[in-house]
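For the record, the sequence lines run as chains A and B.
The working numbering puts the first sequence at residues 163 to 1360.
The working numbering puts the second sequence at residues 2 to 296.
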Amino acid sequence: MTWEIFKFELKYRWKRPATYIYFAIMFLLPFLAAAWDQLTIGGAAGQIKENAPHNISFMMLIVTAIPGLLLAAGIMGTPVIRDYEHKTASLFFTTPITKTQYLTGRFLGSFLTAVFVFSGMIWGMALGHLSPWVDPDKLLPFSIWNYLHPFFTLVLPNLFIMSGIFFMGGALSKKMLVVFTQGVGILVMYLISVQFLSDMESQTTAALMDPFAVGTHNYATQYWTVAEKNSQVVPLTGLMMTNRLIWMGLSLLALILTYVFFDFSASRKSKKKKAAATKDSQPKRIASSTVIPSVTQHDGFATNIKQMFGMSWFYFKWIFKQVPFIAILIAGIAIMLNNAQHWGKVYGVFKLPTTYSMLELIQSFNLFFIIIIVMYTGELIWKERDVKMNLIYDALPYPNFVTLAGKFFAMVYMFISLLAILMLTGMTIQAMSGYTDFQIGLYVKTLFSDTLSFLLLFTFLGFLFQSLTNHKFVGHAAFVVFFIATMVFGQLGIEHRMFQFGSTGLGNFSDMNGYGHYVPTFSWFNIYWFGFAGLLFAVALLFSTRGAETAFMMRLKKSRLRLTKPLLTFGLFSMMLFTGSGCYIYYNTNIQNKYTNSDQDEKSQADYEKTLKKYEDIAQPKITDIYLEIDIFPKARDFEARGTYQLKNKTDETISQIHLQYNPDKNITNSVKFGTDATIKEAFEEFDYFIYELKKPLAPGDSLQMDFVTKFDTKGFVESGSNTEVLNNGTFFNNTYFPSFGYSDNFELGDDDTRKEQDLPEKERQRERNDPVGLAQNLLTDDSDRLNLEMILSTSPDQIAIAPGYLQKEWEEDGRKYFHYKMDEPILGFFSVVSAQYEIAKDTWTSENGENVNLEVYYHKGHDLNIDRLMKGMKESLSYFSKNFSPYQYRQLRIMEFPRYRSFAQSFPNTVPFSEDMGFIMDIQEDDIDFPFYVTAHEVGHQWWAHQVTEANVKGNAMLSETMAQYSALMVMKNTYPTEMMQKFLKFEMNSYLRGRSREQKKEQPLELVERQGYIHYRKGAVVMYALQDYISEDSVNIALQRCIKDWAYREDQYITSANLLGYFREVTPDSMQYLIKDMFETITLFENRAKEATYQKSGEEYLVDLDISSIKYRADSLGNETSIEVNDWIDIGVYGEDENGKDKILYLQKHKITKEEMNFKIKVKEKPTKAGIDPINKLIDRNPDDNRMRMTLKENG
Amino acid sequence: MDLQISNLSKTYPNGVQASKNVTLTIPVGMFGLLGPNGAGKSTLMRTIATLQEPDSGSIMLGDLNVLTQKHEVRKILGYLPQEFGVYPKVSAAVLLDHLAVLKGITNSGERKEIVEALLVKTNLWEDRKKNLGGYSGGMKQRFGIAQALLASPRLIIVDEPTAGLDPAERNRFLNLLSELGENTIVILSTHIVEDVKELCTNMAVINKGEVLLTGTPSDALENIKGRIWRKQITKDQIENYKNTHNVISERRSAGKPIIHVFSDMQPGEGFTVVEPDLEDVYFSEIFGKNVNAIM
């Protein structure tokens, strides 16, 4: 019998068009993603090939999750519900089949159908990759195994998991909405696990709780190199296996529950019989003696409005009673509360739960808003028809707009309630962490403008889709098509916000700058989109179904009758708003400002290179002096700079042409005047590149004055990417706004894929280490070596303007404030201009020689939480560096806060602009890494590593400035805080390095040849330098650095490279440790150290530890192909006990020479040991840092 | 005020002709529209209820053009569709109140009064706070008439209201209809002859989109008086009689078939003339003439 039912189910499915439509979706989406550049799922990029096994499995997982969830719900939720809906249930249940047969047959039949549907992705993806037009350079040799393996190990289990759960939901509730709600629940689990995964400390939990195993997949492969991603399928072991077993077990449990609780009898008893028992206080009334009273029937606009709001209220109450709605609401809030556990965490440190960060947190609810909109626009439009009351409603005397507008306002009420609930949730989260600066105004302002407008616009869209398609599920599908279409349009170059429905562009909030200049853009785009939405509403009204006839042609015919005067007025009014604001936006974004899409940008970058690359190495004079007068107008976001450069021909050839490169920002205009007669010989307007011919050429050693005026004029507003450097409050820009000389390779395209599209050859990221041109330039600019700087800044009277240099004079004139800064010694040609309303904290640091250095922190009012940490950071750093490296070269050091649109701190001479986001709002708890302190120490380190010792513009140069700044910061931390904090910090660094190399797009370099790869020069650099000082001692490293500074500080004739620095390291490294230099700096070397078994025995007062370890040493090439090499290394062996607080305590830590892959150690310790291992502190780069130590067990004697 | 339907035709996209040149005059009072399932009754009713467009023809309610002045018609219309549902989790009182607002009764005092009165009138007072999901078929149907009677409509259309009701509920429902005002046009469509017999002053028989007969029930009876014949036969004779006679209906008495035959004269041996009832009118209109046409 089971067989019969199974066959029946299959036959039924085989005849349903839905089965084939689902299959087509599962085929087409992966096909397009594989074969078409405009649609991407997952991440083939750079060296990772399109059909790399890792990429295939990831794509399959995503497709299984995103459309797959919906399709699985559609296939697996329906079989039992169908019998109830078609009322065939009672027919079935009276036949002699058993419950087991019925359920098994239905389940298996549907499941097989689902397997068929999902198998579409194998063929879709494989055919996509085999398509002849796919660039063969992006492909590996075809192998069907790479498709089958993930399908069977990942997709099929996921399908089974979803199937069990949906089948249960459908069979037990007989309601499709319950099934969809389950789908939302699964999605929630997935999203929560994604959030968990972003936090290093909860990744294992995340890997287990993800129902789709997407996170598990990514966690298992997080350290995979390019080579591994290209060659290996994700194995079904470890956490992946556990995850699969847990979830499939849950699914099986769901099926068992279905069997137990499924009521196999035909009658569906109404459970609500006793609901009416409410006591009736009203007296009984007799029908025959009752007269129906006559009433006044009202009509007209006022009545219609009343009717509309009556309708809104009725449906609002209805929505709030819906179980799915409440489930989504709870799920959304649960996600928010969960995400709050990880929100804004940097190095394990929380930021303050400010209101704007709560508002960003609330955005994690957006997906649920979309789900609610898609579901409930459909439900509301169809409500009367779903309950079959439509004919009654349709014959009632109210105009058409009452229903649609009434339902719209029901959605509005619902949104307002939801936003209020979310706001309260946000405030609860704040209150729970003891933060009480609620800024209710900001909540209301943001949620009820930005968020609400997004919700309303998409509600209009939903109504339109439902009204035009006149089919609920087609209406839902229209949304999906809409989102895909939007994405594809974007890829095709239609990127302007005016074509991205609902895009209004309210940027980030900053305490310093508020929503600042984003407000006008936001307002105009809102008018534009609401005008458009009004049109949609009018169309929806014209075509909305009323009455018994639903065919589109009939409605089209009727729509003419419906085009009443008020509707026409409304439509015209909307049209006016739409086109009027559209014109104004176009005027601002495309006429006042220049609009280009990303394709045009790429082409223009390519043209720049093709046209001007020939001038790259042409001889140009260098700037020796800069004098600048800059008037900043914060309110208008303008500035005007009048400057003078003194130029000197430092080459040995005569220079007759000056190549001027202006900043390409369209807000900037320049004019120049040379000290001698000069004419424009060639002008490349489109590249802001001008070649001047000097009437009197500049002989070697000669100088020339150049006067210029640079005007920055903000005009109207731009489409996107508005300037976040010149602001109402918190302006911070640097010297790149002013004229520079010669071709700049910064404007070249960097990504090799893009370069190929533009017919450009692949490009090295930096010059070779022995490139003479690179060696003659410093890392920052080839326009100057060291130069003298003097600046007079003026700004509005409520702001303070700051530039590198000592303040000479400060005065007010004509309602503006002036500041005169001057450097008394030459600096690198790298300076900042900052202007904002500041509070100032001051302190002094005194050197060993008794010289005072003024310390200042300029901060936004109220951001005083971490000022002490910044001050302490500056002091401790200055002390350590001046004692161990060389004296500090300036008499002042200043930190100034700038808005959080950008997140970094940057070291200019004696001046450190520091983002609002980086340190000012960190909420540092006991045991946390002192993040602001670390950043400060790093930036102060740059006053030595960059500003004293300046590296050449060649490969490996970041090992000098950035890696040494990291080392400097580490040593300051080591001297100020307990070792554990350092280790915690290094754990993050190690993780970032391993993940970074896994995402490498081009090639991983050894540290000494790093090419602007942050994961190497910051992350690996920190780990390696910490290990180096551990192996050869801190003093030795510092002696090497002292020697380096002595030889290289302030030089202009030649700039230092990593090769020079390594020379100093070699000098201080004992012969037995020289291999470290090769392992750490010259090659990519990794270990796979592992504790295999650890036991201990008590022997008298002492404990005897027995430890088995294994150690494999690898060398990797630039793609991550690893080969093992012989181990012959000194590595820590450690044993831990516990202190009275239960924290780890080192009992034994010694370096041992490891000479074999497997070794055994017997170690005596005095206290009871708990853990032991090899390299337990992760000093060495380790492929799996987590398995180095293990908990040990007591071995009974004898 | 009469309802004047003239030359109304409607063909559905699938080719079914639901109305063929229908012309009817429906006066004030109870009007019965009799026809078998699929005769085009509902199409006609929905068209009068402003819910559907005809291909051609016109409908006038007094001075109102039903096809273009829909809003005006809806104000004085009460409509009970053939099949309808309700919000299962809303009580009768709440839903009736909601519909009353949409009917334009915006004064809350008046609304409360009429809602209560209608609930009493339809014997739903006791159950007014119950969710509609728990209502029986009859209660739901009474709720349907309650909503149709909101705001004292002058044109009431009830489409197959008694289908599926048990005899007690059906009686209760018909009693309710019979109380409706004398100034109102009530159109009752049904395929149950008894309904019309008990309530209607005027009637029409409609089949396959065509009006076969209009008039008062008594005129209709008068028309076929003496032309309906009855005979008890055996089971195997049925086909035979159908081929040779105008058999309009066959029923059973104690298990044996009895046929009614429409004929102007004695159709044959063993036939006796019977006093016709409305059912004979109905069947003779629907079947009798067909057979005539074939013969």
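Beta carbons are placed, not taken as given, at the ideal position from N, Cα and C, and that holds for glycine.
Rounded C-alpha distance that separates residue i from residue j
i	j	result
residue 881(A)	residue 520(A)	27 Å
residue 129(B)	residue 92(B)	6 Å
residue 947(A)	residue 799(A)	31 Å
residue 985(A)	residue 1169(A)	34 Å
residue 28(B)	residue 2(B)	7 Å
residue 905(A)	residue 825(A)	12 Å
residue 266(A)	residue 164(A)	7 Å
residue 723(A)	residue 74(B)	16 Å
residue 655(A)	residue 766(A)	14 Å
residue 12(B)	residue 158(B)	22 Å
residue 287(A)	residue 274(A)	21 Å
Residue burial classification, residue i (beta-carbon count within 10 angstroms, cutoff 16)
i	result
residue 645(A)	exposed
residue 770(A)	buried
residue 1081(A)	buried
residue 698(A)	buried
residue 613(A)	buried
residue 1278(A)	buried
residue 1353(A)	exposed
residue 606(A)	exposed
residue 108(A)	Lying outside 163 to 1360, the shown extent of chain A, residue 108(A) is not represented and no answer is given.
residue 403(A)	exposed
Boundaries of the alpha helix (DSSP H) in which residue i is found, first to last residue
i	result
residue 154(B)	Residue 154(B) -> no alpha helix (DSSP H), and no H or E assigned at all.
residue 1188(A)	1183-1194
residue 171(B)	168-179
Minimum Cβ-Cβ distance from residue i to chain A less than 8 Å
i	result
residue 171(B)	no
residue 174(B)	no
residue 20(B)	no
residue 50(B)	yes
Partner residues on chain B for residue i, Cβ-Cβ distance less than 7 Å
i	result
residue 559(A)	72, 75, 76, 104 and 105
residue 469(A)	102 and 103
Where residue i meets chain A, residues with beta-carbon distance less than 9 Å
i	result
residue 108(B)	457, 458 and 460
residue 5(B)	Result: empty, since nearest Cβ-Cβ is about 20 Å, beyond 9 Å.
residue 144(B)	Under the 9 Å cutoff, chain A gives no residues; its nearest Cβ is about 10 Å from residue 144(B).
CB contact check: residue i to chain B, cutoff 8 Å
i	result
residue 234(A)	no
residue 211(A)	no
residue 551(A)	yes
residue 753(A)	no
residue 710(A)	yes
residue 472(A)	yes
residue 453(A)	yes
residue 193(A)	no
residue 554(A)	yes
Partners in chain D for residue i, counting only beta-carbon separations shorter than 8 Å
i	result
residue 716(A)	Among the chains of the structure shown, chain D does not appear; the protein chains present are A and B.
Amino acids of chain B, ordered along the chain, whose beta-carbon sits closer than 8 Å to that of residue i
i	result
residue 481(A)	In chain order: nothing, as chain B lies at least about 12 Å away.
Under 7 Å from the C-beta of residue i: neighbouring residues of chain A
i	result
residue 84(B)	550
residue 136(B)	Those within 7 Å of residue 136(B) in chain A number zero; the least Cβ separation is about 10 Å.
Boundaries of the beta strand (DSSP E) in which residue i is found, first to last residue
i	result
residue 350(A)	Element bounds for residue 350(A): not the beta strand (DSSP E) but the alpha helix (DSSP H), 338-359.
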